[in-house]
Amino acid sequence: MISGETILSTAHADVGYRQGRHEKVVLTNLSLELRAHSLVCFMGPNGIGKSTLLRTLAGLQPLLRGGVNLPRVEAGKSVAVVLTDRVQTYNMTVRDMVSLGRYPHLAWHTHLSASDDRIVDESIELVQLQNLQHQQVNELSDGQLQMVMIARALAQQTPLLILDEPTAHLDLNNRVEVMNLLRHLARTTGKGILVATHELDLALQTADEIWLATPDKSIRSGIPEDLVLDGSFDDVFQLKGFDLKTGKVKHQPFRQEKIRLIGEGYRFLWTKNALERMGFEVTDDPDCLTVKIQTADWVVDGTTAYESLTKLLDGLTKSAKPIPNIN
Amino acid sequence: MDTTPPPTENAISGLFTYFSPMNRKAQALLILAILLMAGLLLDVLLGSVAVPLADLWQALTHPNEPSPAADILWHFRIPKAATAAVAGSGLALAGLVMQTLFRNPLAGPDVLGLSAGAGLAVALAVMAGIQIGEIGLAWGLAATASVGSLSVFLLMVLFSRKMTDPVGLLILGLMVAAITSSIVSVLQFISQAEQLQSFVIWTMGSVGNTNPRELGVMMTVILLALLIILSQLKALNVWLLGESYVGSLGIRVKSSRLWLVAGASLLTGAVTAFCGPIAFVGIAVPHLVRLVLPSAHHGWLIPGVMLGGATLLLVCDILVQLPGGSQYLPLNAITALLGAPVVIMVVMKTKNVRW
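Residue numbers (the working numbering), protein chains in the order written: chain A, 68 to 394; chain X, 4 to 358.
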């Protein structure tokens, strides 16, 4: 657990909506804590109220009950947000957009001082968009636009950064880039960063802490590994066919045939992956079919050699028993 | 890597500064100002009555010598040109504010029903026995029309919370305009002949019927609205990102929206009270100005659309009274002719009509 100072804490907080006399509590009795230098991933099934909590913590909607403690109360200087709202602008450059982050610090005429300009420069550098800073925002790719919105939030220079699904609509490469950047920013800038995300695998590998919204309207928090091992993730997500403890998709050994695999390293891992995917069970049992992994080829039972994994699978499935009818 | 050129004091860096984006904005404003001057000049020089240039010059330089040319110039053409410029800038500013506030390129005082709301308020005032153009009632008329605009605007703000689709909002606005217009038609039907005539002429839009007092009232109200809108300069730039970002950047969402709604309603009300419901200027001008002014910052856009709006309405006014024609065309026929293609262009250009 990161041991920075506490940036955000809530005490017995209820969040939700109030409309007239009706009140819809989405998450209740939350006592959460977020520290400087830490990246917290906020996860939970769709529709459980992740955005509602984020909006409440960002001060965009009122708390129903309880308290939220933030270091600075001045509007726009304690929390910066990156939201899911689609931003489309005309005639606005990347630099203009990032400059908007300075607005809480500017007078009515929006003149940027030299130090404001420097902060804008630094924010653009942190997301490595220097080359694009005079580009029009509406000409950017989704991944670049998300980086710009993060830079805009950084320029606000707040101790807390809240992002709602920043990796939605991005491809795998951009998703990894965004999460790595957020982790890096938490470490180097000392900000507390709260990210709502669906990226289970990425969150498990990058977050310092996970907040897990549970169906009983509360939030479990802890380091990712603890929540995996104590089964919290399984409780919440009711994972189907994915073994969180190994981080892999579960395979049914539907061929009911065992293979002894000899080898090591990445070639061993990916050969095992291929065999399991094809329905073989990989064991250490010395009495069954043996596949030996060598530098150039795969040798089955010391006789037949295959020069590629594809040919090995072809050979094995042709000579294998017909797939038993499970039904 | 630092890609900015080192600051050197020589001719080449001077050229860089001259062609920098910053200066392209200043150049655009300069061009718009020159166009406005040309528009003013042409509008004063041209008219349905041909007056020799020498006579006009004589009248302009010697304002105290009575002559037919001086009469036309000082009592007709200059007030008319001034009214066109002021009304055009007011409507264009209202359009810009509405497009930013709703994040909707299809917003404008006419399409969202504000002009119609002002029209209904004025019609009710006429029914109550107020003569359009009556001296001494200028403030009352401006206030009545502004309240009419404001009522419709508040209704549209309510609608916009449920209807996030820009085209949907546009349709709602057109329906509100249709309802208010039909109420006006009913009022016309049951009103007396002389009231009816002044009102029907008013609905066609005109910048030629304002007296100096009305022009003064219109300018004062527009100036007030401009000050209100300038007080929201920061907020306007952030409204481009939407309501949530406005709140997160430390701007009070509700009060900011209220001030902007009030400003745009005053602009529409003041112009509509004296010139009638002028269509298409408010929606078209911001788009035309954005084509030449490369900025999303309202510090540039506000002067840009005010200059552009003044120029466009002057051009329309020149066209309604083309020399040789003995009659004036209705102003709204010309503004639609110039403005509607712009709206068509916007809809065709933007696949997804939203910013």
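Ideal Cβ placement from N, Cα and C applies to all residues, glycine included.
Same chain only: Cβ atoms within 7 Å of residue i, ignoring 5 sequence neighbours per side
i             : result
residue 167/A : 219
residue 353/X : 108
residue 387/A : 322 and 324
residue 59/X  : 48, 72 and 76
residue 368/A : 356 and 357
Where residue i sits in the DSSP three-state scheme
i             : result
residue 89/A  : strand
residue 79/A  : strand
residue 131/A : coil
residue 260/A : strand
residue 214/X : coil
residue 359/A : strand
residue 52/X  : coil
residue 11/X  : Any reading at residue 11/X must be qualified, since the residue scores a pLDDT of 44, below 50, and its modelled position is unreliable; no value is offered.
residue 234/A : coil
residue 297/A : coil
residue 309/A : strand
residue 337/A : helix
residue 160/A : strand
residue 115/A : coil
residue 224/A : coil
residue 94/A  : strand
residue 390/A : coil
residue 26/X  : helix
residue 16/X  : In this prediction, residue 16/X has a pLDDT of 49, which is less than 50 and means its spatial position is unreliable; what the coordinates show is noted afterwards. In the structure shown, residue 16/X sits in a helix (DSSP, three-state: H, G or I).
residue 177/A : coil
residue 319/A : coil
residue 109/X : coil
residue 170/A : helix
residue 203/A : strand
residue 358/X : Any answer about residue 358/X is weak, because its pLDDT of 46 lies below 50 and its placement is not dependable; what the coordinates show is given next. Reduced to three states, the DSSP call for residue 358/X is coil.
Inter-residue CB distance, residue i and residue j (contact presumed, cutoff 8 Å)
i             : j             : result
residue 149/X : residue 272/X : 3 Å
residue 177/X : residue 225/X : Rounded, the Cβ-Cβ distance is 26 Å, inconsistent with contact.
residue 365/A : residue 356/A : Not quite, the Cβ-Cβ distance comes to about 12 Å (not below 8 Å), so this is no contact.
residue 299/X : residue 246/A : Contact doesn't hold; Cβ gap of about 30 Å is too wide.
residue 243/X : residue 27/X  : Contact flag wrong, Cβ pair sits at about 20 Å.
residue 152/A : residue 245/X : 5 Å
Close-in-space but distant-in-sequence residues of the same chain around residue i (CB under 8 Å, 5 per side omitted)
i             : result
residue 296/A : 312
residue 173/A : 179 and 183
Beta-carbon proximity list for residue i, same chain, < 6 Å, skipping 5 on both sides
i             : result
residue 320/X : 46, 87 and 210
residue 277/X : 213, 217 and 221
residue 333/A : none
residue 362/A : none
residue 262/X : 231 and 235
residue 125/A : 146, 148 and 229
residue 383/A : none
residue 9/X   : Any reading at residue 9/X must be qualified, since the residue scores a pLDDT of 44, below 50, and its modelled position is unreliable; the value itself is stated next. Excluding sequence neighbours, residue 9/X sits near nothing in its chain.
residue 317/A : 308 and 310
residue 126/X : 187 and 190
Residue i: first and last residue of the uninterrupted alpha helix (DSSP H) it sits in
i             : result
residue 102/A : Careful: residue 102/A lies outside any alpha helix (DSSP H), inside the beta strand (DSSP E) at 100 to 102.
residue 278/A : First-last for residue 278/A: 276 to 280, but that is the beta strand (DSSP E), not the alpha helix (DSSP H).
residue 242/X : 236 to 242
residue 303/X : 301 to 323
residue 77/X  : Taken as a continuous stretch (DSSP letters only), residue 77/X belongs to no alpha helix (DSSP H), as it is neither H nor E.
residue 248/X : 246 to 251
residue 114/X : It is not in any alpha helix (DSSP H) - residue 114/X carries neither H nor E in the DSSP assignment.
N- and C-terminal bounds of the beta strand (DSSP E) containing residue i
i             : result
residue 231/A : 227 to 231
residue 289/A : 286 to 289
residue 372/A : 371 to 373
residue 348/A : 348 to 350
residue 147/A : 146 to 149
residue 109/A : 106 to 110
residue 325/A : 325 to 329
residue 367/A : 365 to 367
Residue i at chain B interface by Cβ criterion, 8 Å
i            : result
residue 83/X : You won't find chain B in this structure, because its protein chains are A and X.
Pair every Cβ in the stretch 160 to 176 of chain X with every Cβ in the stretch 84 to 101 of chain X, then say whether three or more of these pairs are closer than 8 Å.
no
Between the stretch 131 to 147 of chain A and the stretch 181 to 197 of chain A, do three or more beta carbon pairs fall short of 8 Å?
Under the 8 Å Cβ criterion, the stretch 131 to 147 of chain A does not count as touching the stretch 181 to 197 of chain A, having fewer than three qualifying pairs.
Using 8 Å as the cut-off, can you tell me whether the stretch 252 to 261 of chain X makes contact with the stretch 143 to 151 of chain A, which would need three or more C-beta pairs spanning the two stretches below that distance?
Counting Cβ pairs under 8 Å, three or more are found: they touch.
For the pair the stretch 204 to 213 of chain A and the stretch 260 to 279 of chain A, tell me if three or more CB-CB distances fall below 8 Å.
no
Quick check: the stretch 225 to 239 of chain A against the stretch 115 to 134 of chain A, are at least 3 beta-carbon pairs closer than 8 Å?
yes
Do three or more CB pairs link the stretch 297 to 304 of chain A to the stretch 329 to 347 of chain A at distances below 8 Å?
no
Does the contact criterion of 3 or more C-beta pairs under 8 Å hold for the stretch 171 to 190 of chain X versus the stretch 286 to 293 of chain X?
no
Assess, as a yes-or-no matter, whether the stretch 85 to 98 of chain A is touched by the stretch 238 to 245 of chain A under the definition of 3 or more beta carbon pairs within less than 8 Å.
no
State whether the stretch 49 to 69 of chain X contacts the stretch 189 to 204 of chain X, with contact taken as three or more CB pairs (one from each stretch) at a distance under 8 Å.
no
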